[in-house]
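S.K.:
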Amino acid sequence: MGSGASAEDKELAKRSRELEKKLQEDAAKDAKTVKLLLLGAGESGKSTIVKQMKIIHQEGYTEQECLEFKSIIYGNVLQSILAIIRAMSTLGIDYGDSSVADDGRLLFHLADSIEEGSMPPELVTVIKKLWVDEGVQASFERAAEYQLNDSAPYYLNQLDRITATDYIPNEQDVLRSRVKTTGIIESQFSFKDLHFRMFDVGGQRSERKKWIHCFEGVTCIIFCGALSAYDMVLVEDEEVNRMHESLHLFNSICNHKFFAATSIVLFLNKKDLFEHKIKKVHLSICFPDYDGPNTYDDAGNYIKNQFLDLNMRKDAKEIYGHMTCATDTKNVFLFSRLRGRDRRVTDFGKER
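Basically this note's numbering = 1-based index in the sequence shown + 334.
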């Protein structure tokens, strides 16, 4: 009996040591794992940030992976030109050349008959004719009054290149492609001695109820807001200004009890579009009290302060804000150092 008990004790001791070793290994691994939650209203550039992390930290996209975006890009082109043409009727805009109206009707016929994600020559010809029409351009200039992908002019101005028979999407084409995020998409990458798990969550209102599943153990929240959205309305509610919605969402996140000890990085994205738009559309359309200079720096800083001023724990919680262009790899901030026992982000990164 004594011998049996001794053997049993040895086995238990062995299992205990193995379990302790496993726990130590898991703790060491967990200490080097950073969980990032990427949040923001719809159309704020979150998914583009995820693509940039793949380019910067995961050796980018292979040729085969780029080719897989081809049908998405063609779908974006067709969606964009259809949206612009439909808006002409709503906005009361006529074609500059009345004969182009026939091409408009042909566009809708072709859109209903072609295979999704394809771009046959006849469709390319029609889109080219429409895109250069003065009335179509006038409709495009009023894109803030309807829903249009930001990538529309980028693709439509390069139709010859992207519809060539040997076309392979480049990184910029991939970055500008748009597919609405539904659910939660996880991506992983390493930087220095840390392992990052990034969760991209759908930004439309219907998707936000799913965020609760990502709350536990979050190291850092990256909140994306679109600077250029100050004169635009939501896809899901055309009575609500996108900037106001973004501020409301940011307020609920940065002051939420679940995130009291969570670092927050604010990406005010699409600064390139904002710089172009602010020259034509005054910021007071979104913020009636704003009476400062309608310049990129002044208006941009005003928007930034609108977000930062929502932080109700300024004495204990710092929010790190950056004005960014998510499609510009050199402008996306990197994870340069994390310190502190809770691995709070103290400096989210520097430009490459």
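In this text, a Cβ means the ideal position worked out from N, Cα and C, and glycines have one as well.
Nearest-angstrom Cα distance between glutamate 573 and valine 567?
M.R.: Their backbone Cα atoms lie some 7 Å apart in a straight line.
S.K.: Output the distance between the C-alpha atoms of tyrosine 408 and methionine 453, rounded to the nearest integer angstrom.
M.R.: Approximately 6 Å, taken between the alpha carbons.
S.K.: Restricting to Cα atoms, I'd like to know which of Gly626, Ala347 and Val470 is closest to alanine 486.
M.R.: Checked all of Gly626, Ala347 and Val470; the closest Cα to alanine 486 is Val470.
S.K.: Output the distance between the C-alpha atoms of leucine 583 and alanine 375, rounded to the nearest integer angstrom.
M.R.: Cα to Cα, leucine 583 sits roughly 7 Å from alanine 375.
S.K.: Using only alpha-carbon positions, find the residue among Leu370, Cys400 and Ser511 that is nearest to leucine 528.
M.R.: The candidate whose alpha carbon is nearest that of leucine 528 is Leu370.
S.K.: Are lysine 613 and serine 562 closer than 8 Å when you measure CB to CB?
M.R.: No, Cβ-Cβ distance for lysine 613 and serine 562 is not below 8 Å.
S.K.: If we count the other Cβ atoms within 10 Å of its Cβ and call it buried at 16 or more, is proline 455 buried or exposed?
M.R.: It is exposed - the Cβ of proline 455 has fewer than 16 other Cβ atoms within 10 Å.
S.K.: Near isoleucine 653, what residues of its chain come up, given a Cβ to Cβ distance below 7 Å and the 5 sequence neighbours on each side ignored?
M.R.: Cβ neighbours of isoleucine 653 beyond the five flanking positions: Cys588, Ile598, Leu600, Leu642 and Asn645.
S.K.: For glutamine 398, does the three-state DSSP call read helix, strand or coil?
M.R.: The answer is helix: DSSP assigns glutamine 398 an H, G or I state.
S.K.: Which of helix, strand or coil does DSSP assign to arginine 476?
M.R.: Looking at arginine 476 - three-state DSSP - the assignment turns out to be coil, as it is neither helix nor strand.
S.K.: DSSP three-state call for serine 524: helix, strand or coil?
M.R.: Serine 524: strand per DSSP, three-state reduction.
S.K.: Just checking my contact of alanine 421 with tyrosine 480 at CB under 8 Å: how many whole Å lie between their CB atoms?
M.R.: Right, the Cβ-Cβ distance comes to about 5 Å (below 8 Å), so this counts as a contact.
S.K.: Mapping the DSSP letters down to three states, classify asparagine 603 as helix, strand or coil.
M.R.: In this structure, asparagine 603 counts as strand in the three-state DSSP scheme.
S.K.: For the beta strand (DSSP E) that contains isoleucine 653, what are its first and last residues?
M.R.: That run of the beta strand (DSSP E) goes 653-657.
S.K.: Please return the same chain residues whose Cβ sits closer than 8 Å to the Cβ of leucine 373, not counting the five positions on each side in sequence.
M.R.: So the qualifying residues of the chain are Lys380, Val535, Gly537, Trp545, Ile555, Ile556, Phe557, Cys558, Leu583 and Ile587.
S.K.: Does the distance from the C-beta atom of leucine 688 to that of glycine 655 stay below 8 Å?
M.R.: Since the first residue shown for the chain is 335 and the last is 686, residue 688 is missing from the structure and cannot be characterised.
S.K.: Residues in the same chain with beta-carbon distance under 7 Å from leucine 493, minus the five sequence neighbours each way, listed in chain order, please.
M.R.: These residues qualify, in order along the chain: Val458, Ile461 and Lys462.
S.K.: Please report the residue range of the alpha helix (DSSP H) in which valine 368 lies.
M.R.: No alpha helix (DSSP H) contains valine 368, which is instead part of the beta strand (DSSP E) from 367-374.
S.K.: Is it buried or exposed, arginine 576, if we count other Cβ atoms within 10 angstroms and call 16 or more buried?
M.R.: Buried, by the Cβ-count rule.
S.K.: So, leucine 482 versus isoleucine 383, is the Cβ gap smaller than 8 Å?
M.R.: Result no, Cβ atoms of leucine 482 and isoleucine 383 do not sit closer than 8 Å.
S.K.: Is it buried or exposed, proline 503, if we count other Cβ atoms within 10 angstroms and call 16 or more buried?
M.R.: That one is buried.
S.K.: Where does arginine 317 land, buried or exposed, given buried means 16+ other C-beta within 10 angstroms?
M.R.: This structure cannot speak to residue 317, because the chain is shown only from 335 to 686.
S.K.: Report the partner residues of histidine 529 according to the DSSP bridge assignment.
M.R.: Thr367 and Ser524.
S.K.: As a quick exercise: from Ser340, Asn635, Leu416 and Phe523, pick the residue whose alpha carbon is nearest that of glutamine 386.
M.R.: Ranking Ser340, Asn635, Leu416 and Phe523 by Cα distance to glutamine 386 puts Phe523 first.
S.K.: In whole angstroms, what separates the C-alpha of glycine 451 from that of alanine 595?
M.R.: So the two alpha carbons sit approximately 45 Å from each other.
S.K.: What's the gap between the Cα of aspartate 649 and the Cα of serine 340?
M.R.: Their Cα atoms are separated by approximately 59 Å.
S.K.: Can you look up alanine 560 in the DSSP assignment and give me helix, strand or coil?
M.R.: In the structure shown, alanine 560 sits in a strand (DSSP, three-state: E or B).
S.K.: Looking at C-alpha atoms only, which residue of Leu464, Arg512 and Arg495 is the closest neighbour of glycine 430?
M.R.: Here the closest residue by C-alpha is Leu464.
S.K.: Buried or exposed: valine 508, going by 16 or more other Cβ atoms within 10 Å of its Cβ?
M.R.: It is buried - the Cβ of valine 508 has at least 16 other Cβ atoms within 10 Å.
S.K.: Kindly say whether alanine 594, judged by its beta-carbon, lies nearer than 8 Å to any beta-carbon of chain C.
M.R.: Within the model displayed, chain C is absent; a lone protein chain is all it includes.
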